[in-house]
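For reference, the structure is listed below as structure tokens.
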Amino acid sequence: MTRRPLFRRSFRVTDFQPDPDRDVEEEIAFHIAQKKEELVARGLDPEEAERRAREQFGDAGRIGRECYDASRTRARRRVRTLYLQDFRDDLRFGLRTVFRRPLVTLVAVTTIAVGIGITGVMFSIINGTMFQTLPFPESDRLLDVEFAVPEGGTEPRVLQLGDYCWLQERQSVFEDLEAFDWASWAVSGDGGNAAVYQGAIVSTGAFAALRVTPARGRLFTPEDSLPETPPVMLISDRFWHTRYEGDPAIVGRTVRLDGTARTIVGVMPPDFVFPVNQDLWLPLTPRDPALLPGQGGTVESFGRLKEGTTFEAARAEFDGLVERMAREYPQRHADTRALIRPYEREYVGEEVRTVLIAMLIATLAVLLVACVNVANLQLAAALGRVREISIRTALGAGRGRIMRQFLVESFLLTAPGAALGLLIAQVGMYGFNLAMPTEETPFWFHFGVDMRVTAYIAFLALFTALLSGILPAIRAAGLDSRDTLREESRSTTTFRSGRTTGRLVSVEVALSFALLVVAGLCGYSMLYLFSHDWGFEPRKMLAADIDLDGPAYDDPTGRYRIWEEILAGVAALPGAEEVGLTSSLPFDDEWEDLPYLLEGEDPAEVRNRRPVMTTVITPGTLTTFSRAILQGRDFSDTDGFQDPPVAIVTQNFARRNFGDASVLDRRIGLLDVHGVWRWYTIVGVVPELGVPRKDPVLSENVLLPLSQNRYRGLTIAVRVSGDPLALTPGVRSVVAAIDPDLPVFNVRTVRDQLEETLSVFTLLSTLFTLFGITALLLAMVGLYGVVAFSVGRRRQEIGIRMALGAARLDLVRLVSRPVAVQVGVGLLAGAVLALLFSRVITAILIIGRDYALPVSLATFGLLLLSVLLAVVLPLRRVLQIDPAVSLRTN
Amino acid sequence: MGRSQFYVGTLELMVLHAVKGGPMHGYAIGQWIAEKSGGVLEAEEGALYPALHRLENRGLVRSEWGTTESGRQAKFYLITARGARHLATESARWREHSAAVAAVLASPGD
Chain L
1 MTRRPLFRRS FRVTDFQPDP DRDVEEEIAF HIAQKKEELV ARGLDPEEAE
51 RRAREQFGDA GRIGRECYDA SRTRARRRVR TLYLQDFRDD LRFGLRTVFR
101 RPLVTLVAVT TIAVGIGITG VMFSIINGTM FQTLPFPESD RLLDVEFAVP
151 EGGTEPRVLQ LGDYCWLQER QSVFEDLEAF DWASWAVSGD GGNAAVYQGA
201 IVSTGAFAAL RVTPARGRLF TPEDSLPETP PVMLISDRFW HTRYEGDPAI
251 VGRTVRLDGT ARTIVGVMPP DFVFPVNQDL WLPLTPRDPA LLPGQGGTVE
301 SFGRLKEGTT FEAARAEFDG LVERMAREYP QRHADTRALI RPYEREYVGE
351 EVRTVLIAML IATLAVLLVA CVNVANLQLA AALGRVREIS IRTALGAGRG
401 RIMRQFLVES FLLTAPGAAL GLLIAQVGMY GFNLAMPTEE TPFWFHFGVD
451 MRVTAYIAFL ALFTALLSGI LPAIRAAGLD SRDTLREESR STTTFRSGRT
501 TGRLVSVEVA LSFALLVVAG LCGYSMLYLF SHDWGFEPRK MLAADIDLDG
551 PAYDDPTGRY RIWEEILAGV AALPGAEEVG LTSSLPFDDE WEDLPYLLEG
601 EDPAEVRNRR PVMTTVITPG TLTTFSRAIL QGRDFSDTDG FQDPPVAIVT
651 QNFARRNFGD ASVLDRRIGL LDVHGVWRWY TIVGVVPELG VPRKDPVLSE
701 NVLLPLSQNR YRGLTIAVRV SGDPLALTPG VRSVVAAIDP DLPVFNVRTV
751 RDQLEETLSV FTLLSTLFTL FGITALLLAM VGLYGVVAFS VGRRRQEIGI
801 RMALGAARLD LVRLVSRPVA VQVGVGLLAG AVLALLFSRV ITAILIIGRD
851 YALPVSLATF GLLLLSVLLA VVLPLRRVLQ IDPAVSLRTN
Chain Z
1 MGRSQFYVGT LELMVLHAVK GGPMHGYAIG QWIAEKSGGV LEAEEGALYP
51 ALHRLENRGL VRSEWGTTES GRQAKFYLIT ARGARHLATE SARWREHSAA
101 VAAVLASPGD
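In the order they appear, the protein sequences are chains L and Z. Just so you know, my numbering puts 231 at position 231 of the first sequence, and the rest follows in order with no gaps. Just so you know, my numbering puts 19 at position 19 of the second sequence, and the rest follows in order with no gaps.
Put into structure tokens, the structure is as follows:
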């Protein structure tokens with residue numbers, strides 16, 4: 001078939017369509033006529049000839065039907081081919097249009113790419129955390145067992161060993177109730193350097209419940225948990241390779257963990273680093289008959305549902321069990337409720353989920369801004385095509401055909417945009433993986449652009465194409481061809497896109513305002529944290545962890561002497577100014593939460609009170625962190641094990657619980673892990689230790705002296721005059737002189753620690769700031785386009801007004817008034833949106849909503865400035881219009 | 001009416017061969033087959049027209065309306081490139097086949 005010229009094909013009126021039924025009828029009629037003619041020629045009279053011809057032809061109806069069927073199939077096929085051919089033509093015509101305006105195309109494609117790219121990044125993050133399942137068989141039958149969020153709390157409570165034992169004995173829905181506890185051990189006695197590894201103490205059936213089998217050796221057996229059985233351990237494939245270079249004779253080898261000799265009985269398969277990123281596993285010994293609910297250390301608990309049992313059944317049984325436990329042990333469990341969730345759920349907290357989803361919505365908002373921009377661009381471009389469209393309509397192209405042409409063009413812009421967006425998402429996830437701290441990321445999390453993300457992006461691309469194309473398509477299809485062709489000079493005003501683009505501008509401004517407020521809140525709190533005056537210079541402080549684990553350090557008095565020895569040794573190092581020990585640095589999240597009681601209070605009455613965050617320090621720790629004693633005294637060497645327990649409280653704690661009254665010599669009770677209240681006399685008051693938090697409870701703390709508390713693992717903090725890390729060998733040698741098997745690990749400056757603690761938060765803040773700025777840039781581009789478009793459209797009108805003597809300033813006002821209204825509406829709607837967004841986002845911000853107003857105002861200023869810039873630049877053209885020229889052009 | 005698969009295939013082959021020589025309408029095709037077979041084969045209309053439409057569906061012939069010598073409007077069938085190719089391979093196969101059948105029938109029976 002010869003190809004008709006593109007123009008003819010694109011502007012084709014309707015093609016000739018044969019009617020399949022008539023076609024067949026006529027063919028048969030011709031045959032009969034021909035036959036009759038032949039018979040007449042042979043001498044038959046016409047009537048007889050007609051009858052014979054018909055008779056001979058047979059059942060015309062049946063033959064006809066057979067032919068109709070075939071003929072109709074062909075006709076249908078033909079319509080389809082025509083449609084596809086039209087589509088191909090649309091595509092070719094669209095490609096031409098798109099390439100004829102390279103700048104518009106470039107802006108549109110980039111806009112879509114950015115919009116799709118960032119929402120792709122965000123979706124990948126959500127996909128990586130929330131949509132991943134444990135890589136174990138039937139992992140959906142693994143459930144996490146916890147206690148529900150207590151009233152006034154934020155996170156669910158984990159079980160204590162006593163709770164676990166009690167529940168394990170009574171439950172029937174799980175194959176068995178399993179438990180594990182986080183731990184770390186100093187590994188030595190195997191020829192390698194003493195080093196600390198993360199591990200977990202697991203119930204002996206835990207791995208069988210996960211359905212993993214060891215790569216070498218065996219799993220734990222119930223006997224392994226008995227005290228009289230020789231100590232055993234399991235190691236990860238990673239540990240086996242890095243520390244023992246994959247030594248084949250690994251099973252049976254003996255290693256010292258915290259000084260205790262243990263036999264390696266098995267190596268787990270590659271990539272198994274349960275529960276999160278652990279290398280060593282020891283059997284849990286749960287059966288302490290003396291432990292009752294509410295007693296013992298905390299454990300994480302989970303189980304695999306028995307065959308034929310459902311999630312609902314498990315939930316119902318544990319609701320009942322925990323209710324009973326609450327009745328029987330009201331002192332600790334009065335308001336405790338069970339919380340049964342899919343295992344993975346525990347690792348993505350509700351707050352994080354909320355924030356992630358809020359962020360996804362934010363990125364979708366950016367994409368929406370991008371769509372609005374592209375729609376505006378196409379509307380503006382359609383203006384220049386009024387004649388083309390009119391001609392096509394006049395030549396018989398239907399509305400559907402015109403709409404299709406516009407949608408096809410929109411797809412042509414979206415497809416490369418989406419491809420580029422996919423690339424942006426990939427690059428973004430590469431960066432994300434670099435920035436993400438891996439140690440605390442559960443092993444089944446996977447951040448990357450996988451099939452699900454690609455499908456998401458493809459779906460969004462379709463959505464984007466429709467969203468950005470439908471409006472221009474409808475507008476274009478609604479053109480009245482007669483008007484435009486007749487009144488050529490008025491052609492531009494016929495295209496009534498002004499109101500539509502105006503609404504789109506309002507949407508754009510609103511979305512970017514809301515996003516920018518959130519970004520501002522994030523950015524501000526980030527800046528605040530890093531520039532916060534801690535009272536000390538985090539860069540000039542060294543922190544290192546030391547664990548006095550093992551039987552040699554079981555005696556608490558002896559252990560305290562060792563701590564003193566280490567302190568004295570480090571203090572004597574050249575460059576060390578101040579030195580102290582603490583169980584948690586001021587801003588990390590490892591403070592211990594303990595329920596507390598004031599004198600005269602009934603424990604039952606205050607059981608709903610938020611626990612207090614406590615930490616253990618030594619005399620000198622406060623000085624090291626430049627915290628002055630406001631009242632009373634620091635801890636001293638005289639606060640020994642035999643002396644009455646003492647405590648120092650922060651100012652906020654004192655104020656909340658004692659008001660303005662003096663707190664010195666008042667007593668507070670703290671509930672220890674055995675469920676026993678222990679009473680402490682307050683001997684001093686200090687200012688806050690950590691970051692001023694949005695939640696005041698977080699800065700209400702109780703500090704306890706190491707000399708009266710049994711801690712094995714502590715962090716040493718040293719204020720150094722020179723380079724803090726240069727002090728590391730000195731600290732190591734001090735510790736090695738006491739016991740070469742004692743590891744000094746996690747050596748870092750306090751600044752490093754700060755960055756690490758805030759890393760996830762920093763990452764989220766950075767992302768949000770990025771989203772906000774992107775939205776602003778997109779909105780500016782969009783606004784610029786709309787104003788430039790409107791100036792161009794009214795060029796002639798302005799020229800006339802000028803010629804009639806209108807002042808230029810009035811003309812500027814004329815053009816800018818509708819824009820100002822649109823922006824105003826956008827800002828108003830944006831303020832409402834911003835309020836909603838900031839409510840969600842402050843959930844993760846460390847600083848509070850007190851900053852929301854100044855940040856909003858600042859954002860408002862920034863936005864106004866950007867809006868002005870985007871509006872003023874094209875408006876200048878109004879002043880440059882020459883009436884003579886603008887009137888002549890038409 | 002012996003409309004076996006065999007006959008249908010053969011009829012189509014003959015139709016294709018007929019239009020190979022130039023555009024022809026259905027009536028002429030029937031005449032042509034009768035004439036060439038010495039009157040032995042008479043293409044019945046009941047089989048001929050459906051066969052033509054089937055061939056057109058398969059893209060082996062195409063049709064267009066035209067005027068006969070006597071000035072009547074008739075639907076003419078033309079062979080397509082695909083039809084010509086099909087005719088070549090199928091008629092070769094047919095010859096081979098019929099020769100084989102002939103050889104079998106010519107051999108003395110046991």
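Every residue, glycine too, gets a C-beta built ideally from N, C-alpha and C. The structure presented is a predicted model; accordingly, all values stated were derived computationally and were not measured.
- Message: Comparing C-alpha positions only, which one of L:P275, L:P538, L:T204 and L:L305 sits nearest to L:L282?
- Response: The residue given as residue 282 of chain L occupies position 282 in the first sequence. Comparing Cα positions, the closest option is L:T204.
- Task: Using a Cβ-Cβ cut-off of less than 9 Å, list which residues of the region 18-41 of chain Z approach chain L; keep chain order.
- Result: H25, G26, Y27, A28, G30 and Q31
- L:T97 at chain Z interface by Cβ criterion, 8 Å: Looking up residue 97 of chain L in the first sequence gives position 97. Not closer than 8 Å to any Cβ of chain Z, the Cβ of L:T97 fails to qualify, so no.
- Message: Less than 8 Å between the beta carbons of Z:Q73 and L:F789, yes or no?
- Response: Walking along the second sequence from the start, residue 73 of chain Z turns up at place 73. Walking along the first sequence from the start, residue 789 of chain L turns up at place 789. Contact flag unset, no.
- Query: CA-CA distance, Z:V104 and Z:S98?
  - Reply: Position 104 of the second sequence, counted from the first residue, corresponds to residue 104 of chain Z. Position 98 of the second sequence, counted from the first residue, corresponds to residue 98 of chain Z. Taking the straight line joining both Cα atoms gives about 10 Å.
- Task: Spell out the partners DSSP gives L:E48 in its beta bridges.
- Result: Position 48 of the first sequence, counted from the first residue, corresponds to residue 48 of chain L. L:E48 is not bridged to any residue.
- Should L:F447 be labelled buried (16 or more other beta-carbon atoms within 10 Å of its own) or exposed? Within the first sequence, numbered from 1, the residue matching residue 447 of chain L stands at position 447. Buried.
- Among L:A209, L:V683 and L:V649, the one whose alpha carbon lies nearest that of L:F180: The residue given as residue 180 of chain L occupies position 180 in the first sequence. Minimum Cα distance to L:F180 is reached at L:A209.
- Relative to chain L, which residues along the region 66-90 of chain Z have a C-beta separation below 9 Å, given in chain order? T68, S70, R72, Q73, A74 and K75
- Message: So for Z:H25, helix, strand or coil by DSSP?
- Response: Here residue 25 of chain Z refers to the residue found at position 25 of the second sequence. Three-state DSSP puts Z:H25 in a strand.
- beta strand (DSSP E) containing L:S188: first to last residue? For the purposes of this step, residue 188 of chain L is taken as the residue at position 188 of the first sequence. Segment F174 to S188, the beta strand (DSSP E) holding L:S188.
- Message: When you compare the CB positions of L:R304 and L:F174, do they come within less than 8 Å of one another, or not?
- Response: Counting from one through the first sequence, the residue named residue 304 of chain L turns up at place 304. Counting from one through the first sequence, the residue named residue 174 of chain L turns up at place 174. A contact, by the Cβ cut-off of 8 Å.
- Task: Please report how far the alpha carbon of L:R77 lies from the alpha carbon of L:R385, in whole angstroms.
- Result: One-based indexing of the first sequence puts residue 77 of chain L at position 77. One-based indexing of the first sequence puts residue 385 of chain L at position 385. Between L:R77 and L:R385, the C-alpha separation is close to 33 Å.
- Whole-angstrom distance between L:R345 and L:V355, CA atom to CA atom: Working through the first sequence from its first residue, we reach residue 355 of chain L at position 355. Working through the first sequence from its first residue, we reach residue 345 of chain L at position 345. Straight-line Cα distance between these residues: approximately 15 Å.
- Message: With three or more C-beta pairs closer than 8 Å as the rule, is the region 735-744 of chain L touching the region 753-770 of chain L?
- Response: no
- Item | Proximal residues of chain Z, C-beta to C-beta of L:I74 below 9 Å | If you number the first sequence from 1, residue 74 of chain L lands on position 74. The sequence shown places Arg at residue 74 of chain L, rather than the Ile named in the question. In chain order: H53, E56 and N57.
- Item | Same chain, Cβ closer than 7 Å to L:F653, five either side skipped, listed in chain order | Your numbering for residue 653 of chain L matches position 653 in the first sequence. Excluding residues within five positions, the ones whose Cβ falls inside 7 Å are V612, E700, N701 and V702.
- Compare the C-alpha of L:L767 against each of L:V731, L:A806 and L:C522 and name the closest. By one-based count along the first sequence, residue 767 of chain L stands at place 767. Out of L:V731, L:A806 and L:C522, L:C522 has the C-alpha closest to the C-alpha of L:L767.
- CB of Z:E12 within 8 Å of CB of Z:A51, strictly: Residue 12 of chain Z sits at position 12 when you count from the first residue of the second sequence. Residue 51 of chain Z sits at position 51 when you count from the first residue of the second sequence. In contact: Z:E12 and Z:A51 (Cβ atoms closer than 8 Å).
- In the region 29-43 of chain L, which residues sit with their C-beta less than 8 Å from some C-beta in chain Z, listed in chain order? F30, H31, A33, Q34, K35 and E37
- Task: Could you tell me the distance, in whole angstroms, from the CA atom of L:R496 to the CA atom of L:Q880?
- Result: Sequence index remark: in the first sequence, residue 496 of chain L carries index 496 (1-based). Sequence index remark: in the first sequence, residue 880 of chain L carries index 880 (1-based). Its pLDDT being 49, under 50, L:R496 is placed unreliably in this model, and the coordinates cannot settle the point.
- Task: Tell me whether the beta-carbon of L:V505 lies closer than 8 Å to the beta-carbon of L:G799.
- Result: By 1-based counting over the first sequence, the position of residue 505 of chain L is 505. By 1-based counting over the first sequence, the position of residue 799 of chain L is 799. Contact flag unset, no.
- Message: What would DSSP say about L:Y329, mapped onto helix, strand or coil?
- Response: Working through the first sequence from its first residue, we reach residue 329 of chain L at position 329. In the structure shown, L:Y329 sits in coil (DSSP, three-state: anything other than H, G, I, E or B).
- Could you tell me whether any Cβ in chain Z is nearer than 8 Å to the Cβ of L:E66? Walking along the first sequence from the start, residue 66 of chain L turns up at place 66. Yes, L:E66 lies at the interface with chain Z (some Cβ there is under 8 Å from its Cβ).
- Query: Just how far apart, CA to CA, sit L:R141 and L:L291?
  - Reply: Translated into the one-based positions of the first sequence, residue 141 of chain L becomes position 141. Translated into the one-based positions of the first sequence, residue 291 of chain L becomes position 291. Whole-angstrom Cα-Cα distance: 29 Å.
- Query: Can you pull the DSSP bridge partners for L:M541?
  - Reply: The residue labelled residue 541 of chain L in the question sits at position 541 within the first sequence. Its beta-bridge partners are L:R719.
- Query: Cβ atoms of L:L407 and L:G469: under 8 Å apart, would you say?
  - Reply: Walking along the first sequence from the start, residue 469 of chain L turns up at place 469. Walking along the first sequence from the start, residue 407 of chain L turns up at place 407. In this structure, L:L407 lies closer than 8 Å to L:G469 by Cβ.
- Query: So, is the C-beta of Z:G46 closer than 8 Å to a C-beta in chain L?
  - Reply: Against the second sequence, residue 46 of chain Z aligns to sequence position 46. So yes, Z:G46 belongs to the interface.
- Query: Between L:R218 and L:P270, what straight-line distance do the alpha-carbon atoms span, to the nearest angstrom?
  - Reply: Here residue 218 of chain L refers to the residue found at position 218 of the first sequence. Here residue 270 of chain L refers to the residue found at position 270 of the first sequence. Cα to Cα, L:R218 sits roughly 15 Å from L:P270.
- Counterpart residues of L:S301 in DSSP-defined beta bridges: Your numbering for residue 301 of chain L matches position 301 in the first sequence. Paired residue(s): L:V145 and L:A179.
- For L:G61, go through chain Z and note every residue whose CB falls closer than 7 Å to its CB, in chain order. Taking the first residue of the first sequence as 1, we reach residue 61 of chain L at position 61. Here the premise fails: no neighbours, minimum Cβ distance about 11 Å.
- Message: Among L:A458, L:R353, L:D258 and L:E592, whose alpha-carbon lies nearest the alpha-carbon of L:I125?
- Response: Here residue 125 of chain L corresponds to residue number 125 of the first sequence, with the count starting at 1. Residue L:R353 is the option with its Cα nearest to L:I125.
- For chain Z, find out if any of its Cβ atoms is closer than 8 Å to the Cβ of L:T2; answer yes or no. Position 2 of the first sequence, counting from 1, holds the residue named residue 2 of chain L. Since pLDDT at L:T2 reaches only 41, below the 50 mark, its modelled position is unreliable, and no value is offered.
- Message: If we define contact as Cβ-Cβ less than 8 Å, is L:A70 a contact residue for chain Z?
- Response: Here residue 70 of chain L is taken as the residue at index 70 of the first sequence, counted from 1. Closer than 8 Å to some Cβ of chain Z, the Cβ of L:A70 qualifies, so yes.
- Which residue or residues does DSSP assign as beta-bridge partners of L:N608? On the first sequence, residue 608 of chain L is found 608 positions in, with the first residue counted as 1. Paired residue(s): none; L:N608 is not in a bridge.
- Query: Just checking my contact of L:L567 with L:T749 at CB under 8 Å: how many whole Å lie between their CB atoms?
  - Reply: Residue mapping note: residue 567 of chain L aligns to position 567 of the first sequence, counting from 1. Residue mapping note: residue 749 of chain L aligns to position 749 of the first sequence, counting from 1. Actually they are not in contact, since the Cβ atoms of L:L567 and L:T749 sit about 19 Å apart, beyond 8 Å.
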